[in-house]
Structure formats: structure tokens, C-alpha cells
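Asker: Residue numbers for the sequence shown follow UniProt numbering, beginning at 1 and rising by one.
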Amino acid sequence: MDVRTTKDGLVRGRRPAPDIVAFLGIPYAAAPFGINRFREPRPVQAWEGVRECQDFGPVAPQSARLPGAPSWSPGDEDILTLNVWAPASDSDPVPVLVWIHGGAYTFGSSAQPDFDGTALAGAGLVVVTFNYRLGFEGFGHIPPGAEPPYPENRGLLDQIAALRWVRENIAAFGGDPANVTVAGQSSGAASAACLMVMDRARGLFRRVIAHSVVGPCYSMELAVETTRRVAAAAGIPATSTHLTSAPPHALVAASDRVVGSYRRDPGSGRRHYNPVIYGPVVDGDILPSDPLSATAAGASEAVDLLVSHTTEEYWLMDAVGSGAKVTTDKQLATFAQDFHLPVDLVPGYRKLMPDAPVRDIHLAIFGDLLFSEYTNRLAERHAQAGGRAFTSCFARHRKGLEGVVRAWHCADIPFAFGNLTLESVEFLIGGPPHTADHELSQRMRGAWVSFATTGDPGWSPLNGPTTTPHVWDTGDSPAGAQNTAARALWRHADFSPLRP
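Below, the structure is given as C-alpha cells:
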């Protein structure tokens, strides 16, 4: 049973555990380069014999080097691959969980050690992870000039191609193609939110697990402005001919230069604080509307939704130095102005955090702005439109060598995957796990499996504003559930697609 049959040919996997087979690096679409570059994903060419699928495929073009994961090298082209963790023996079809990795739509891959699906598969799922186009290759706008025009949101189209592969092939791995859950974190969760409301993805999955959904989406005007800046940084005109002729490494480097320019310029508005320059574009076609509006209109009513966020999201970005430092009252006022925050929001947070320094107030506001509030709004809109939605938050604290380890961005994912003992996640979770951590991980993993199986994670669905989120915590953690008073401060905040 280490060899399975896909529509494109036979694949052989390896056994990370006696009862689990992992099939790594299976192509789900043709390499998106050459004549396929910047186009919708194309079908894979079938192969003869047995394809050895025991190593992850190449990652998408990016400059990031992540712990324990491979990095991209120019010339790596066959990047549209996926990985399957499946039961080693025949059984009744089991639910399928398809994971979309995060990384600001710019970095990351399915080869990151914390996304290993062995533990989740052992708990009763077939687990699929995959790579998709990132950065300019996946989300950059290419001006008109080619026939047919180059589509927007190519990264989302890759994700749909992976889901179609699952529908057509997953039965050969013991998975149930009629019971698929899409899961993701950060930009991966926002991608899942987009898929919920996209006609092209309809019917490919029944449920969504979305952790730390980042929002909002981008307007076409902002996508056009980003392309203008990236082309200038690459030293080429912002035309389809020049952009499609530029090698991938040149556009990666140019994108990094644009990000650097925003970081150095306090007068550059929102992107000075969070210089993420790519994301899903509301183009009126592939993504016809932003997820919040479309969900409120009932576009995703048939999908069950489970959301979560961490209680101190943005502290991670501060710790790794990826955001601007805000430490004075003047800087905080400028930040609030740049993001057009409601006038009572900063004073409201000061009242909730009376002894906190400006830095902590800023981090709390920014984490709620980027992740927590958007995540909860998505669930609320979904429930108000008639869908089933469950809310939760990750509040696990722990004392580490350098103080308290916070419940920050990404810290929840090793727990949900059951990958706590990896050296690569020690920074996220504050060192080797304790017994209470393993118990928390088992509970979170159980909730994911239960939700993917039945649509019920083990607590009551959202039912009006009085429903409180389920809290993921260890017994010795001092952190509590999300502050309802803080949420009230966001009631007038605008999460429309971003404009220049």
C-alpha cells in the first residue's frame, strides 16, 4: 500500500509511522514557468511507471529562509506540488484536511516541519498540504497588453487546482472526496476565506478552519500601484511585456526593495508598519467581492466555519523585527491616523491597559486590527447569513528563559498539528513542551478532527453577540478569553479592500 494510483500515474511514498504513508512532492499542476508563467494552472503531463514521492517538491520563488525548510533557488520550476499523509492500510473513507500555509502571500511552503501531517493523519484524517505561487508570481498585477490577459489571483487559482486534484484523486489514498475541510493560518486562512466565496471553488470542500485570518483584501488600484513600484525597483517599465520577461529572482529582489523602502519611510502610511505588498485582489471576476461582504450576503452559507486567533498576535512580528517600532504617543497617534482608526479606539485601549507602555498598546491594537477583529467578523457575518460558525482563541502563556512566552501569531499551529517537539518550533512555543502542552495539543488536534469529521469541534456554534469563544489554554496560563470591551471599540472600524 505504499504505491497508489493517481489520474496522472503511480506514486510511491514512505512511512513516517508504521500506520501512515506520506506521499511527498506529487505534482498537481504543470510548472508555472515558460509558456505557463503568469497563466492559470495547467494540467500535469502523465508519467510512466512509478513516481518516487518521498521528498518535498521545490518551494515557490521567495527570498525567505525558514528553519528546517528548503529555500528557493533560481531554476526551481516544478513548484506546484502537494503532499498526502494517508492510512497505510485499507479502511472506510476518512475525512480530508487540506492545509494552506501562510507567509504574507510572499514566503513559506508546505515543507515547513510544523506542517508535517503525520500526527493529524494518525488521529483520523487524510492530510494534504501544497505549495502555490507567491509574491509577484502569484499575486502581482500584470497590466493589460497580452491576449488573453494575465489573470489576477494566480495563487488562489493554484489553490483551487490543488483542491480539484483532491476531489479527483484522494479516494486512492483512503480519503473521502465528499468530506473535505480546507484549513489555513494567517494568509493561508485569508486564502481559505476567499475560497469560501469564490464560484470557482464551490463544491470542492464542506468546511473551513481559519486561524488568524488576516485582512482586508486589496483593491485593483492598490495592486496597480504595487506593480508600478515593483517595476521601478526592477528598473523596467510597468508593462506586461517587460514584467513577464523579467526572471523570477529579479521580481523577488525588486519586491524586497519595495518592502525595504516602506520600512525606511515613516511617511509611507500603512505599509510602513506592515509592509506586506501582495494579497488577494478584488478583481470582480476571480475574486468578485471581499470575503466579509460576500459572506454577509450568504455566499458561503453552506460551508461550516471554525475560526481561531491568538490573544497577542502582533507580538511575534515585534519580536522578529518585521514591523515598525511605535514607542511614543506621537508615533501612536500617527499610526492611528494612517490606519483611519476610530477616534475612541486608542483612548479605549489605554483605559483597558492603564499601566502598559505605548509599545504594548500599539502591539495589542495592531494584532487585533490585522487578525483578531477580522477573524471574528468573518465568523459573525457567516453566522448572521445563516451559516454555522464556531469561534475560539489561543491564550496559552508560559514562562521561558527570557520571560513570559506569549500567545502570539503562529504559536497555535504546532499545537493543532501535534508537532511540539520539533527544534524549529521552540522559538514559537518557548522551548521544549511541558506535559500540559502535550495535553493542550491533543485537545486541539481532537477538535480539528471532530470538526473535519462532523462539523462540530466540541462546543456551541456562534449564536448572537453573547456567544463567548472557546479558549485554548493550559491550566497554568494567566491569559483569559478575548476582551469583549476591546471588541466594542472596533464597531466603527472599516475593513473594506485596501486602496493606495
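Glycine included, C-beta positions come from ideal geometry on N, C-alpha and C. Note that the structure is predicted; figures quoted are calculated from it, not measured.
1) What first and last residue would you give for the beta strand (DSSP E) that runs through GLU168?
2) Quick check on DSSP: helix, strand or coil for ARG264?
3) Of the residues PHE115, ALA119, PRO291, HIS309, which one's Cα is nearest the Cα of SER191?
4) By the DSSP assignment, the beta strand (DSSP E) with GLN185 in it spans what residues?
5) For VAL11, is the classification buried or exposed, using 16 other Cβ atoms within 10 angstroms of its Cβ as the cut-off for buried?
6) Just to confirm before moving on: does the CB-CB distance between PRO275 and VAL259 stay below 7 Å?
7) Expressed to the nearest angstrom, what Euclidean distance is found between the alpha-carbon atoms of ASP283 and TYR218?
8) Of the residues ARG377, TYR150, VAL94, ALA319, which one's Cα is nearest the Cα of PHE173?
9) Let me confirm a value: SER245 is counted as buried when at least 16 other C-beta atoms fall within 10 Å, else exposed. Which label applies?
10) Classify ALA485 as buried or exposed, calling it buried when 16 or more other Cβ atoms lie within 10 Å of its own Cβ.
11) Count the C-beta pairs between the segment 106–122 and the segment 190–209 that are closer than 8 Å, then say yes if the count reaches three, no if not.
12) So the candidates are ARG491, GLU312, PRO469; which of them puts its Cα closest to the Cα of ALA407?
13) For GLY367, I'd like the list of residues in its chain whose CB is within less than 6 Å of its CB, leaving aside the five on either flank, ordered along the chain.
14) Pull the bridge partners of VAL96 from the DSSP assignment, please.
15) Rounded to a whole number of angstroms, what is the C-alpha to C-alpha distance between PRO237 and PRO433?
16) When the Cα of PHE417 is compared with those of CYS410, SER441, LEU66, VAL405, which residue comes out closest?
17) Where do the ends of the beta strand (DSSP E) carrying HIS434 lie?
18) Per DSSP, what are the beta-bridge partners of PHE394 in this structure?
19) Out of LEU163, ASP355, GLY348, PRO58, point me to the one whose CA is closest to SER110's CA.
20) Taking the continuous beta strand (DSSP E) assigned at ARG12, which residues delimit it?
21) May I ask you to report which of helix, strand or coil DSSP gives THR454?
22) Identify which residue in ALA183, PHE394, GLY455 has its Cα closest to the Cα of HIS470.
23) Can you name the start and end residues of the beta strand (DSSP E) that THR6 belongs to?
24) Please report how far the alpha carbon of SER324 lies from the alpha carbon of GLY446, in whole angstroms.
25) Can you tell me the Cα-Cα spacing of ALA299 and GLY386, whole angstroms?
26) If ASN131 and THR81 are in contact, beta carbons under 8 Å, what's the gap, nearest whole angstrom?
27) Taking the alpha carbon of LEU97 as the reference point, which residue from THR453, ARG4, THR295 has its own alpha carbon closest?
28) Which one or two residues does DSSP pair with PHE371 in a beta bridge?
29) If ASN419 sits next to ASP114, beta carbons under 8 Å apart, how far is it from one beta carbon to the other, in whole angstroms?
30) Can you tell me whether ASN463 is buried or exposed, with buried defined as 16 or more other CB within 10 angstroms of its CB?
31) Helix, strand or coil: how does DSSP classify TRP315 here?
32) Which runs of the beta strand (DSSP E), 3 residues or longer, sit entirely within the segment 50–117?
33) For the segment 28–48 and the segment 147–167, state whether three or more C-beta atom pairs, one from each stretch, are separated by less than 8 Å.
34) Under 7 Å between the Cβ atoms of THR375 and VAL213?
35) In terms of residue numbering, what span does the alpha helix (DSSP H) encompassing PRO291 cover?
36) Please tell me whether PRO342 and ALA493 are closer than 7 Å, where the distance is taken between their beta carbons.
Answerer: Concretely, from the data shown:
1) Residue numbering aside, residue 168 sits at position 168 when the sequence shown is read from its first letter. No beta strand (DSSP E) contains GLU168, which is instead part of the alpha helix (DSSP H) from 154–169.
2) Counting from 1 along the sequence shown, the entry for residue 264 is found at position 264. Residue state, collapsed to three classes: helix.
3) Here the question's residue 191 lines up with position 191 in the sequence shown. It is PRO291.
4) Within the sequence shown, residue 185 is the residue found at index 185, counting from 1. Here the beta strand (DSSP E) through GLN185 covers 175–185.
5) Position 11 of the sequence shown, counting from 1, holds the residue named residue 11. Buried, by the Cβ-count rule.
6) Translated into positions along the sequence shown, residue 275 becomes position 275. Translated into positions along the sequence shown, residue 259 becomes position 259. At a Cβ-Cβ threshold of 7 Å, PRO275 and VAL259 count as neighbours.
7) Indexing the sequence shown from 1 puts residue 283 at position 283. Indexing the sequence shown from 1 puts residue 218 at position 218. Each residue's alpha carbon lies about 9 Å from the other.
8) Looking up residue 173 in the sequence shown gives position 173. Answer by Cα proximity: VAL94.
9) One-based indexing of the sequence shown puts residue 245 at position 245. By the neighbour-count rule (16 or more Cβ atoms within 10 Å), SER245 is not buried but exposed.
10) The residue given as residue 485 occupies position 485 in the sequence shown. Its Cβ having fewer than 16 others within 10 Å, ALA485 is exposed.
11) Between the segment 106–122 and the segment 190–209, the count of C-beta pairs closer than 8 Å stays below three; the two stretches do not touch.
12) Taking the sequence shown and counting its residues from 1, the one referred to as residue 407 is at position 407. Of the residues ARG491, GLU312, PRO469, the one whose Cα lies closest to the Cα of ALA407 is GLU312.
13) The count along the sequence shown starts at 1 and reaches residue 367 at position 367. Taking C-beta separations shorter than 6 Å and ignoring five residues to either side along the sequence, the partners of GLY367 in its chain run GLU313, TYR314, following chain order.
14) The residue given as residue 96 occupies position 96 in the sequence shown. Partner(s): VAL126, VAL180.
15) Sequence index remark: in the sequence shown, residue 237 carries index 237 (1-based). Sequence index remark: in the sequence shown, residue 433 carries index 433 (1-based). Near 52 Å, if we compare the C-alpha coordinates of PRO433 and PRO237.
16) One-based indexing of the sequence shown puts residue 417 at position 417. It is SER441.
17) Reading the sequence shown from its first residue, position 434 is the one you call residue 434. No beta strand (DSSP E) contains HIS434, which DSSP labels as neither H nor E.
18) For the purposes of this step, residue 394 is taken as the residue at position 394 of the sequence shown. According to DSSP, PHE394 bridges with THR310, TRP472.
19) In the sequence shown, counting from the first residue as 1, residue 110 sits at position 110. For the residues LEU163, ASP355, GLY348, PRO58, the minimum Cα distance to SER110 belongs to PRO58.
20) Along the sequence shown, read from residue 1 onward, the residue named residue 12 stands at position 12. Where ARG12 is concerned, the enclosing beta strand (DSSP E) stretches over 9–12.
21) Translated into the one-based positions of the sequence shown, residue 454 becomes position 454. Three-state result, THR454: helix.
22) Along the sequence shown, one-based indexing puts residue 470 at 470. Comparing Cα positions, the closest option is PHE394.
23) Here residue 6 corresponds to residue number 6 of the sequence shown, with the count starting at 1. For THR6, the enclosing beta strand (DSSP E) has its first and last residue at 3–6.
24) The residue given as residue 324 occupies position 324 in the sequence shown. The residue given as residue 446 occupies position 446 in the sequence shown. Position check: residue 324 holds Ala in this sequence, whereas Ser was assumed. Rounded to whole angstroms, ALA324 to GLY446 spans 38 Å at the Cα level.
25) Position 299 of the sequence shown holds residue 299. Position 386 of the sequence shown holds residue 386. Straight-line measurement puts the Cα of GLY386 at about 10 Å from the Cα of ALA299.
26) In the sequence shown, counting from the first residue as 1, residue 131 sits at position 131. In the sequence shown, counting from the first residue as 1, residue 81 sits at position 81. Right, their Cβ atoms sit about 6 Å apart.
27) Here residue 97 is taken as the residue at index 97 of the sequence shown, counted from 1. That would be THR453, whose Cα lies nearest to the Cα of LEU97.
28) Along the sequence shown, one-based indexing puts residue 371 at 371. According to DSSP, PHE371 bridges with nothing at all.
29) Here residue 419 corresponds to residue number 419 of the sequence shown, with the count starting at 1. Here residue 114 corresponds to residue number 114 of the sequence shown, with the count starting at 1. With 8 Å as the limit, ASN419 and ASP114 qualify as a contact, their Cβ atoms being about 5 Å apart.
30) One-based indexing of the sequence shown puts residue 463 at position 463. ASN463 counts as exposed, since fewer than 16 other beta carbons sit within 10 angstroms of its beta carbon.
31) Locating residue 315 in the sequence shown gives position 315, counting from the first residue. In the structure shown, TRP315 sits in a helix (DSSP, three-state: H, G or I).
32) Those beta strand (DSSP E) runs which fall completely within the segment 50–117 and span 3+ residues are 50–52, 81–87, 94–100.
33) Yes, since at least three Cβ pairs between the segment 28–48 and the segment 147–167 fall closer than 8 Å, the two stretches touch.
34) For this step, residue 375 is matched to residue 375 along the sequence shown. For this step, residue 213 is matched to residue 213 along the sequence shown. Their beta carbons are under 7 Å apart, which means THR375 touches VAL213 by this criterion.
35) What you label residue 291 is simply residue 291 of the sequence shown in a count that begins at 1. Here the alpha helix (DSSP H) through PRO291 covers 291–296.
36) Here residue 342 refers to the residue found at position 342 when the sequence shown is read from its first residue. Here residue 493 refers to the residue found at position 493 when the sequence shown is read from its first residue. Yes, they are a contact pair.
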